[in-house]
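Down below is the structure, laid out as structure tokens.
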Amino acid sequence: MYRKCMASSLTRRCISSSTRTSTTWWDHVNPASKDPITGVTEAFLADPNPNRINLGMGAYRDDEGKSVVLQCVRDAEAKIAGSEFLESISTSVSSKLVEESLKLVYGKDSNVISEGRPAGVEALSGTGACRLFAEFQKRYYPESQIYLTNPTWSNHHNIWRDAHVPWRTFRYYNPNTRGLNFAALMDDIKNALDSSFFLLHPCAHNPTGVDPTEEQWREISYLFKVKNHFPIFDMAYQGFASGHLDIDAKAIRIFVEDGHLIGCAQSFAKNMGLYGHRVGCLSVLCSDQKQGVAVKSQLQQIARAMYGSPPVHGLLLVSTILSNSDIKSLWLREVKVMASRIKSIRSALRDNLESLGSPLNWEHITNQVGMFCFSGLTPDQVKLLAREFHIYMTHDGRISMAGVTSGNVSYLANAIHQVTSCQQETLNLSPKAECKRPT
Ligand code: PMP
233 MYRKCMASSL TRRCISSSTR TSTTWWDHVN PASKDPITGV TEAFLADPNP NRINLGMGAY
293 RDDEGKSVVL QCVRDAEAKI AGSEFLESIS TSVSSKLVEE SLKLVYGKDS NVISEGRPAG
353 VEALSGTGAC RLFAEFQKRY YPESQIYLTN PTWSNHHNIW RDAHVPWRTF RYYNPNTRGL
413 NFAALMDDIK NALDSSFFLL HPCAHNPTGV DPTEEQWREI SYLFKVKNHF PIFDMAYQGF
473 ASGHLDIDAK AIRIFVEDGH LIGCAQSFAK NMGLYGHRVG CLSVLCSDQK QGVAVKSQLQ
533 QIARAMYGSP PVHGLLLVST ILSNSDIKSL WLREVKVMAS RIKSIRSALR DNLESLGSPL
593 NWEHITNQVG MFCFSGLTPD QVKLLAREFH IYMTHDGRIS MAGVTSGNVS YLANAIHQVT
653 SCQQETLNLS PKAECKRPT
């Protein structure tokens, strides 16, 4: 047997190869549970059926199901091509990004911006912005917890858990109406301990597509004041609910008008189609400029220890789009086009289901807004859609409307009609279910 001997000043030790290999460091590591959304895409990709549809991923697709690079991104790319940005991050680029991002949140003529109150830092897209806030929360309120809407984007749980902030939920969605459970939401906000942290989706709630009305936001804001709660807004879909950036920021503006201090996590993954570039911004609105400077420096310090600084290419693309008036106008028009396509495909799906004579109520498809439709399909119906019709979505019945096109909407409606109208008889059947594929 191979033996390697090491001399030390005190002993002479020999290590056999078998001893060395038997010492394994990672025996106690088990595979992580699959991310629910990645799992859907994997199942979709493994299905060779030509009719397969992926309704799992919250990424915008055009009416041919193709991914989209916005023209504003192409224009910004052309502007920065050949510039000297590749070597290092320029402070002026990141401060431009933050300056312009803050306008999208607080409004371009916002007083709080001119008073220097938001502490803004660039972040690794929406996920990174949430994570940065969670770390900051833990550092300054170590005993605090966070309230998340029930349901919410699944990664919110992971983000706050990994920052060692316990999470709880508050009621939000009413499965009977497939709308907001406003009374329960208000009750839970009222019954939470005073001065609690709440994560709110200001528009295009993921996964339900259900947003409070403006009047309801005002009531929520009022109750937050009474209870001295802190709202952190996660704005991953600004523009996708109404097609207008300012309208989609209305909830945040209401809170700011009411004098709240808030946090806001912004993502440019969806509304600029820059998923892979990880561009975002975290802002924490402070009571004055001095506090803003202190908070910003602490956020930068936390980010520095976690990942240094964000990649510069996406940062430069977004800051170019936001700071060039022609390119920005083009972007605003393109956001409207994306939002309108989703709105009209919602109508098409509902119309198709109604024309098939479905006895069920499908109004929620058009009442809900943004990228997602919380269809009300049960986990068994979702399984049946995958098994019989090659249609994939998360088990909670969330449909990413971006995956629905003029070409597949009638196939989808037929499939949903089949599984919702004859589910009882089919679930226990072998793979050849009686609910036939539409021809
Ligand atoms: N928040 C919500 C509610 C989301 O749905 C998403 C994306 N699915 C994110 C944040 C984060 O997105 P990203 O990190 O890609 O910007």
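For the sequence shown, my numbering begins at 233 and goes up steadily by one. Beta carbons: idealized from backbone N, C-alpha and C, even for Gly.
Have a look at A473 and D259 and give me their C-alpha separation to the nearest angstrom. Within the sequence shown, numbered from 1, the residue matching residue 473 stands at position 241. Within the sequence shown, numbered from 1, the residue matching residue 259 stands at position 27. As the crow flies, the alpha-carbon of A473 is around 47 Å from that of D259.
Within 10 Å of its beta-carbon, does S346 have 16 or more other beta-carbons around it, so buried, or fewer, so exposed? As a position in the sequence shown, residue 346 is number 114, starting the count at 1. Flag for S346 reads exposed.
Per DSSP, what kind of secondary structure is V614 in: helix, strand or coil? What you label residue 614 is simply residue 382 of the sequence shown in a count that begins at 1. In the three-state DSSP reduction, V614 falls in the helix class (H, G or I).
Which one of T652, V641 and S642 has the shortest CA to CA distance from G629? Counting from 1 along the sequence shown, the entry for residue 629 is found at position 397. Nearest C-alpha to G629: T652.
Secondary structure at E666, three-state DSSP: helix, strand or coil? Mapped onto the sequence shown, residue 666 falls at position 434. For E666, the predicted structure reports a pLDDT of 48, less than 50, and the residue's modelled location is therefore unreliable. The matter cannot be settled from this model.
Under 8 Å, do Q498 and G358 count as touching if we go by C-beta distance? Your numbering for residue 498 matches position 266 in the sequence shown. Your numbering for residue 358 matches position 126 in the sequence shown. It is a contact, given that the beta carbons lie within the stated cut-off.
Where does D420 fall in DSSP's three states? Reading the sequence shown from its first residue, position 188 is the one you call residue 420. Three-state result, D420: helix.
So does N438 have its beta carbon nearer than 7 Å to some heavy atom of ligand 1? Stepping through the sequence shown from its first residue, residue 438 is reached at position 206. Flag set: Cβ of N438 near ligand 1.
Counting only C-beta atoms, is F402 closer than 8 Å to chain C at any point? Of the protein chains in the structure, only one exists, and it is not chain C.
Taking the continuous alpha helix (DSSP H) assigned at Y507, which residues delimit it? The sequence position of residue 507 within the sequence shown is 275, counting from 1. That residue, Y507, is in no alpha helix (DSSP H); it is neither H nor E in DSSP.
By how many angstroms is the C-alpha of F276 removed from the C-alpha of M504? The residue given as residue 504 occupies position 272 in the sequence shown. The residue given as residue 276 occupies position 44 in the sequence shown. Straight-line Cα distance between these residues: approximately 25 Å.
Skipping 5 residues on each side, what residues in its chain have a beta carbon closer than 7 Å to that of E332? Residue 332 sits at position 100 when you count from the first residue of the sequence shown. So the qualifying residues of the chain are S551, L554 and S555.
May I ask you to report which of helix, strand or coil DSSP gives Q600? Along the sequence shown, read from residue 1 onward, the residue named residue 600 stands at position 368. In the structure shown, Q600 sits in coil (DSSP, three-state: anything other than H, G, I, E or B).
Sequence-distant residues of the same chain with beta carbon closer than 7 Å to R510, five excluded per side: Here residue 510 refers to the residue found at position 278 of the sequence shown. Hits under 7 Å: L356, S357, G360, P542, P543 and G546.
Answer yes or no: do A597 and L581 have a C-beta to C-beta separation smaller than 8 Å? In the sequence shown, counting from the first residue as 1, residue 597 sits at position 365. In the sequence shown, counting from the first residue as 1, residue 581 sits at position 349. Per the sequence shown, residue 597 should be read as Ile rather than Ala. Going by C-beta atoms, I597 is nearer than 8 Å to L581.
Determine the DSSP secondary structure at Q523, reduced to helix, strand or coil. The residue labelled residue 523 in the question sits at position 291 within the sequence shown. DSSP places Q523 in helix when its eight states are reduced to three.
Answer yes or no: do S219 and H461 have a C-beta to C-beta separation smaller than 8 Å? Nothing can be reported for residue 219: it is not among the residues displayed for the chain, which extend from 233 to 671.
Determine the DSSP secondary structure at M233, reduced to helix, strand or coil. By 1-based counting over the sequence shown, the position of residue 233 is 1. Note that M233 has pLDDT 40, beneath the 50 cutoff, so the model's placement of it is unreliable and the number below is only indicative. DSSP places M233 in coil when its eight states are reduced to three.
Distance check for F368 and H389, CA to CA, integer angstroms please. Here residue 389 refers to the residue found at position 157 when the sequence shown is read from its first residue. Here residue 368 refers to the residue found at position 136 when the sequence shown is read from its first residue. Cα-Cα distance, rounded: 16 Å.
CB of P439 within 8 Å of CB of F604, strictly: Indexing the sequence shown from 1 puts residue 439 at position 207. Indexing the sequence shown from 1 puts residue 604 at position 372. Yes, Cβ-Cβ distance for P439 and F604 is below 8 Å.
Does any heavy atom of ligand 1 sit closer than 7 Å to the C-beta of G441? As a working mapping, residue 441 is identified with position 209 in the sequence shown. Incorrect: G441 has no Cβ contact closer than 7 Å to ligand 1.
Tell me the DSSP secondary structure of Y469 in three-state form. Here residue 469 refers to the residue found at position 237 of the sequence shown. Looking at Y469 - three-state DSSP - the assignment turns out to be coil, as it is neither helix nor strand.
Taking Cβ positions, are L302 and W563 nearer each other than 8 Å? As a first step, residue 302 is located in the sequence shown; it is residue number 70 there, counting from the start. As a first step, residue 563 is located in the sequence shown; it is residue number 331 there, counting from the start. Yes, they are a contact pair.
From G475 to L644, what distance separates their C-alpha atoms? Looking up residue 475 in the sequence shown gives position 243. Looking up residue 644 in the sequence shown gives position 412. One C-alpha to the other measures close to 25 Å.
C-alpha gap between Y338 and A308, whole angstroms: If you number the sequence shown from 1, residue 338 lands on position 106. If you number the sequence shown from 1, residue 308 lands on position 76. Cα-Cα distance, rounded: 24 Å.
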